[in-house]
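Below: the structure, in structure tokens.
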Amino acid sequence: MMQLSVIDFGGVPDGKTLNTDAFAKAIAAIEEANGGTIIVPSGDYVTGPIELVSQLKLYLEPGARIRFTDDFEAYPATRTRWSGYECYGFHPLLFGENLEDVTICGEGTIDGQGQAWWDIANGIKQDQWFENGRTKEIREKNDEYVGALKTNVLEWETQFLRPPLLQLLNCKRVTIEGVTLERSPFWNTHLVYCDHVSVRGVTIKNPADTPNGDGLDIDSCSNVRITDCHFDVGDDCLCLKSGINEDGRRVNRPTENVVVTNCTMASGHGGIVFGSESSGGIKNVTVTNCVFIGTDRGIRLKTNRARGSYIKQLLISNIYMEDVFCPIAINSFYRYGVDENNPDMNAPHAIEVSEKTPIIKDISISHIMVRNARAAAAFIYGLPEMPIRNLHLSNIDVEMTTDPNEEGGEPDMVKETVLKAGDGMFIRYVDGLSLNQVRVETRQGSALTISDSQDIEVLQFKMKHLHSNIPVISAANCKDFSINSREYQRDPFRYLQTDDKTKVEI
Numbered sequence: 094m095m096q097l098s099v100i101d102f103g104g105v106p107d108g109k110t111l112n113t114d115a116f117a118k119a120i121a122a123i124e125e126a127n128g129g130t131i132i133v134p135s136g137d138y139v140t141g142p143i144e145l146v147s148q149l150k151l152y153l154e155p156g157a158r159i160r161f162t163d164d165f166e167a168y169p170a171t172r173t174r175w176s177g178y179e180c181y182g183f184h185p186l187l188f189g190e191n192l193e194d195v196t197i198c199g200e201g202t203i204d205g206q207g208q209a210w211w212d213i214a215n216g217i218k219q220d221q222w223f224e225n226g227r228t229k230e231i232r233e234k235n236d237e238y239v240g241a242l243k244t245n246v247l248e249w250e251t252q253f254l255r256p257p258l259l260q261l262l263n264c265k266r267v268t269i270e271g272v273t274l275e276r277s278p279f280w281n282t283h284l285v286y287c288d289h290v291s292v293r294g295v296t297i298k299n300p301a302d303t304p305n306g307d308g309l310d311i312d313s314c315s316n317v318r319i320t321d322c323h324f325d326v327g328d329d330c331l332c333l334k335s336g337i338n339e340d341g342r343r344v345n346r347p348t349e350n351v352v353v354t355n356c357t358m359a360s361g362h363g364g365i366v367f368g369s370e371s372s373g374g375i376k377n378v379t380v381t382n383c384v385f386i387g388t389d390r391g392i393r394l395k396t397n398r399a400r401g402s403y404i405k406q407l408l409i410s411n412i413y414m415e416d417v418f419c420p421i422a423i424n425s426f427y428r429y430g431v432d433e434n435n436p437d438m439n440a441p442h443a444i445e446v447s448e449k450t451p452i453i454k455d456i457s458i459s460h461i462m463v464r465n466a467r468a469a470a471a472f473i474y475g476l477p478e479m480p481i482r483n484l485h486l487s488n489i490d491v492e493m494t495t496d497p498n499e500e501g502g503e504p505d506m507v508k509e510t511v512l513k514a515g516d517g518m519f520i521r522y523v524d525g526l527s528l529n530q531v532r533v534e535t536r537q538g539s540a541l542t543i544s545d546s547q548d549i550e551v552l553q554f555k556m557k558h559l560h561s562n563i564p565v566i567s568a569a570n571c572k573d574f575s576i577n578s579r580e581y582q583r584d585p586f587r588y589l590q591t592d593d594k595t596k597v598e599i
């Protein structure tokens with residue numbers, strides 16, 4: 094296959110010269126040759142947007158940096174999927190659509206220079222209005238395109254549809270390997286409608302205060318392998334999605350058949366996250382052998398009464414977490430991205446089940462060790478009309494913070510603000526729960542508080558360091574509840590406290 098250097102097409106790696114034409118000419122030569130490799134030698138290459146082609150390998154040598162201009166006018170309106178909606182937005186910085194056999198690899202860095210984009214986004218949220226030729230162009234295209242789809246798009250004006258650093262749309266046989274991707278204007282790496290994807294040995298970085306600074310978003314993709322990667326970002330580290338609300342259900346394309354292994358997550362809002370844009374469905378996912386340090390949540394599922402569809406058939410194991418807010422958060426009442434004027438969205442009572450009702454089921458989480466969690470050991474909250482079903486938690490060992498000054502916070506964002514600090518597991522609206530070989534040590538409160546649930550099996554659940562007059566398990570309004578635990582047999586009154594609606598079989 095042909096090998097070309099971007100230098101041969103006029104590339105100047107001086108950190109000042111604009112190399113947009115050099116990259117475009119090199120890529121055109123590869124396309125004409127029906128495939129090949131573009132080599133980016135060591136140096137600092139400033140460029141506008143780069144559009145990839147099929148049968149292309151973009152190889153960054155050690156010391157190479159592709160640095161995208163922060164001139165917004167360089168990025169024309171382009172059809173994309175933005176935060177779950179098909180629409181027009183700024184052209185992604187590194188972009189490919191309808192391609193096959195695309196590889197981005199090497200030991201260099203791809204830098205989105207996101208600060209200028211973040212400043213505008215933060216300013217708009219403070220009512221500092223911004224408009225230029227591109228934002229006007231995007232708005233006009235969306236008035237026509239999105240209006241025809243009758244899509245309820247939230248937050249567009251406050252985000253002004255910033256582009257991801259890397260987006261591949263409807264591509265097959267994608268490989269991303271070895272490179273560092275950093276400082277994205279919006280999400281860092283966004284793969285949409287892709288099939289047969291391999292992400293290996295990649296480092297993804299965004300500052301902690303990056304607005305919407307997700308690391309890797311897998312969006313309505315299938316047959317994906319993510320291995321040996323490192324994430325240090327300002328939002329969700331690795332997130333699986335599949336479109337949002339009516340638009341996601343219209344496209345109806347799930348994220349499925351995903352394997353994640355041997356990854357490290359440092360900071361971010363979540364280690365491995367599912368949703369909340371899950372309206373095309375998420376299924377058949379395994380996550381194993383990972384480390385989460387300082388992420389707000391560890392394993393996180395989030396959806397709500399607008400999303401519909403399902404998150405199911407997840408197998409998560411062998412995870413170590415430290416200094417997280419909440420190790421396990423499964424939330425069907427996620428409060429963002431909903432119509433606040435619709436009283437059904439946050440109604441505490443059951444409402445009629447419809448296509449908007451989300452389903453979470455068939456989840457196995459095992460062999461988890463957590464140290465110094467700050468808010469709650471787990472926060473699991475289904476819907477009264479659609480409880481979380483068939484949830485298995487086994488071989489889990491959690492030690493909450495012992496710091497008396499730790500203020501904690503929200504284990505997850507539900508319909509009402511719930512604050513926890515050093516607490517145990519909080520579970521509500523689950524049908525089919527097993528807890529096997531679980532230890533939770535709290536700073537305060539019970540190890541498990543469960544309510545409005547049924548078909549519960551507790552096997553060897555314990556808390557060694559008891560608090561005065563506080564039971565290990567507190568249960569209310571639960572049915573078909575069975576316990577088999579040595580700790581209960583030793584001291585049933587200190588182990589379990591129930592209300593008169595809860596009947597327990599020992």
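Residue numbers for the sequence shown, in this note's numbering: 94 to 599.
Glycine included, each C-beta is placed from N, C-alpha and C at the ideal position.
Subject >> Beta-carbon proximity list for K150, same chain, < 6 Å, skipping 5 on both sides >> reply: As a first step, residue 150 is located in the sequence shown; it is residue number 57 there, counting from the start. Setting aside the 5 residues that flank it on each side, K150 is surrounded in the same chain by T130 and T196, each with a C-beta closer than 6 Å to its C-beta; the list follows chain order.
**OP:** Answer with buried or exposed for H442, where buried requires no fewer than 16 other C-beta atoms within 10 angstroms of its C-beta.
**Re:** Against the sequence shown, residue 442 aligns to sequence position 349. Burial state of H442 is exposed, judged by a 10 Å Cβ sphere holding fewer than 16 other Cβ atoms.
Original post:
So what's Y427 in DSSP terms, helix, strand or just coil?
Top reply: Counted from its first residue, the sequence shown places residue 427 at position 334. In the three-state DSSP reduction, Y427 falls in the coil class, being neither helix nor strand.
Subject >> For F161, the three-state DSSP class (helix, strand or coil) >> reply: In the sequence shown, counting from the first residue as 1, residue 161 sits at position 68. F161: strand per DSSP, three-state reduction.
Subject >> Cβ-based neighbour list, D302, same chain, cut-off 7 Å, excluding 5 preceding and 5 following >> reply: For this step, residue 302 is matched to residue 209 along the sequence shown. Excluding positions up to five away in sequence, the list reads G327.
Original post:
Excluding sequence positions up to five away, which residues of its chain have a Cβ less than 8 Å from the Cβ of T450?
Top reply: Indexing the sequence shown from 1 puts residue 450 at position 357. Same-chain partners within the cutoff: R398, G401, L476, E478 and M479.
Original post:
Start and end of the alpha helix (DSSP H) containing V344?
Top reply: Here residue 344 is taken as the residue at index 251 of the sequence shown, counted from 1. V344 -> alpha helix (DSSP H) spans N338 to V344.
**OP:** Using DSSP bridges, identify the partner residues of H560.
**Re:** Counting from 1 along the sequence shown, the entry for residue 560 is found at position 467. Per DSSP, none; premise fails for H560.
Original post:
Which term fits L512, buried or exposed, when burial requires 16 or more other beta carbons within 10 angstroms of its beta carbon?
Top reply: As a position in the sequence shown, residue 512 is number 419, starting the count at 1. Answer is exposed; the Cβ neighbour count stays below 16.
Original post:
Is it true that the segment 366-373 meets the segment 389-398, where meeting means three or more beta-carbon pairs spaced less than 8 Å apart?
Top reply: Touching, per the Cβ criterion.
Subject >> Which of helix, strand or coil DSSP assigns to T542 >> reply: Translated into positions along the sequence shown, residue 542 becomes position 449. In the displayed model, T542 falls within a strand according to three-state DSSP.
Subject >> A117 (DSSP reduced to helix, strand or coil) >> reply: The sequence position of residue 117 within the sequence shown is 24, counting from 1. Correct three-state label for A117: helix.
Subject >> Cβ shell of T171 (< 6 Å), same chain only, five flanking positions each side left out >> reply: Looking up residue 171 in the sequence shown gives position 78. Counting only Cβ-Cβ distances below 6 Å, and skipping sequence neighbours, we find H184.
Original post:
Residue ranges of each alpha helix (DSSP H) run of no fewer than 4 residues wholly in the segment 301-378, ordered along the chain?
Top reply: Listed in chain order, they are 338-344.
Subject >> For N488, the nearest candidate out of R467, K555 and I543 (CA to CA) >> reply: Position 395 of the sequence shown, counted from the first residue, corresponds to residue 488. N488 has its Cα closest to that of K555, out of R467, K555 and I543.
Original post:
Helix, strand or coil: how does DSSP classify V565 here?
Top reply: In the sequence shown, the residue the question calls residue 565 occupies position 472. V565: coil per DSSP, three-state reduction.
**OP:** Go ahead and pull the three-state DSSP assignment for K109.
**Re:** Your numbering for residue 109 matches position 16 in the sequence shown. Reduced to three states, the DSSP call for K109 is strand.
**OP:** Use the C-beta contact count for D592: other C-beta atoms within 10 angstroms, 16 or more gives buried, fewer gives exposed.
**Re:** Your numbering for residue 592 matches position 499 in the sequence shown. Per the 10 Å Cβ criterion, exposed.
Original post:
Going straight from the alpha carbon of M542 to that of Q219, what length do you get?
Top reply: On the sequence shown, position 449 is the one that residue 542 refers to. On the sequence shown, position 126 is the one that residue 219 refers to. Correcting the residue identity first, residue 542 is Thr in this sequence and not Met. Roughly 40 Å separates the two Cα atoms.
**OP:** May I have the straight-line CA-CA distance separating M358 from E237, to the nearest angstrom?
**Re:** Locating residue 358 in the sequence shown gives position 265, where the first residue counts as 1. Locating residue 237 in the sequence shown gives position 144, where the first residue counts as 1. Each residue's alpha carbon lies about 40 Å from the other.
Original post:
For N281, which three-state DSSP category applies?
Top reply: As a first step, residue 281 must be located in the sequence shown, where it is residue number 188. Here DSSP, grouped into helix, strand and coil, assigns N281 to coil.
Subject >> For I131, the three-state DSSP class (helix, strand or coil) >> reply: The residue given as residue 131 occupies position 38 in the sequence shown. Looking at I131 - three-state DSSP - the assignment turns out to be strand.
**OP:** Taking the CB atoms as reference points, tell me whether P256 and Y168 lie closer together than 8 Å.
**Re:** As a working mapping, residue 256 is identified with position 163 in the sequence shown. As a working mapping, residue 168 is identified with position 75 in the sequence shown. Taking 8 Å as the Cβ cut-off, P256 and Y168 qualify as a contacting pair.
**OP:** Can you say whether H283 is buried or exposed, counting buried as having 16 or more other CB atoms within 10 angstroms of its CB?
**Re:** Residue numbering aside, residue 283 sits at position 190 when the sequence shown is read from its first letter. Note on H283: 16 or more other CB atoms within 10 angstroms of its CB, so buried under the neighbour-count rule.
**OP:** Identify, in the order they occur along the chain, each residue of the same chain with its Cβ nearer than 8 Å to the Cβ of R227, setting aside the five sequence neighbours on each side.
**Re:** As a first step, residue 227 must be located in the sequence shown, where it is residue number 134. Contacts found: F165, E166, Y168, P169, A170 and F183.
**OP:** Assign V290 to one of three DSSP states: helix, strand, or coil.
**Re:** Position 197 of the sequence shown, counting from 1, holds the residue named residue 290. When DSSP states are grouped into helix, strand and coil, V290 belongs to the strand group.
**OP:** Consult DSSP for V239 and reduce its assignment to one of helix, strand or coil.
**Re:** Translated into the one-based positions of the sequence shown, residue 239 becomes position 146. Looking at V239 - three-state DSSP - the assignment turns out to be helix.
Original post:
Considering only the beta carbon of each residue, do A469 and D516 sit closer than 8 Å?
Top reply: The residue labelled residue 469 in the question sits at position 376 within the sequence shown. The residue labelled residue 516 in the question sits at position 423 within the sequence shown. Yes; because the gap between Cβ atoms is below 8 Å, this pair is in contact.
Original post:
Going straight from the alpha carbon of M493 to that of A422, what length do you get?
Top reply: Indexing the sequence shown from 1 puts residue 493 at position 400. Indexing the sequence shown from 1 puts residue 422 at position 329. Put simply, the backbone Cα of M493 is about 15 Å away from that of A422.
Subject >> Proximal residues to N377 (C-beta, below 6 Å), its chain only, five neighbours per side dropped >> reply: For the purposes of this step, residue 377 is taken as residue 284 along the sequence shown, with counting starting at 1. Result list for N377: E349, N350 and Q406, in chain order.
Original post:
By Cβ distance, which residues of its chain are closer than 6 Å to M94, with the 5 residues on each side in sequence left out?
Top reply: Looking up residue 94 in the sequence shown gives position 1. Taken in chain order, the residues that qualify are G128 and G129.
**OP:** Label F574 either buried or exposed according to how many other C-beta atoms from any shown protein chain fall within 10 Å of its C-beta, with 16 as the threshold for buried.
**Re:** Within the sequence shown, the letter at position 481 stands for residue 574. It counts as buried.
Original post:
With distances taken from CA atoms, which of L192, N235, S360 and K229 is nearest V267?
Top reply: Position 174 of the sequence shown, counted from the start, is the residue given in the question as residue 267. Each of L192, N235, S360 and K229 was checked against the Cα of V267, and the nearest Cα belongs to L192.
Original post:
Can the beta-carbon of F426 be found closer than 8 Å to that of D389?
Top reply: Along the sequence shown, read from residue 1 onward, the residue named residue 426 stands at position 333. Along the sequence shown, read from residue 1 onward, the residue named residue 389 stands at position 296. Taking 8 Å as the Cβ cut-off, F426 and D389 do not qualify as a contacting pair.
Original post:
Taking the continuous beta strand (DSSP E) assigned at R390, which residues delimit it?
Top reply: If you number the sequence shown from 1, residue 390 lands on position 297. For R390, the enclosing beta strand (DSSP E) covers residues R390 to K395.
**OP:** Compare the Cα-Cα distances from S360 to each of D114, F385 and E503 and report the closest residue.
**Re:** Position 267 of the sequence shown, counting from 1, holds the residue named residue 360. Checking every option, the nearest Cα to that of S360 belongs to F385.
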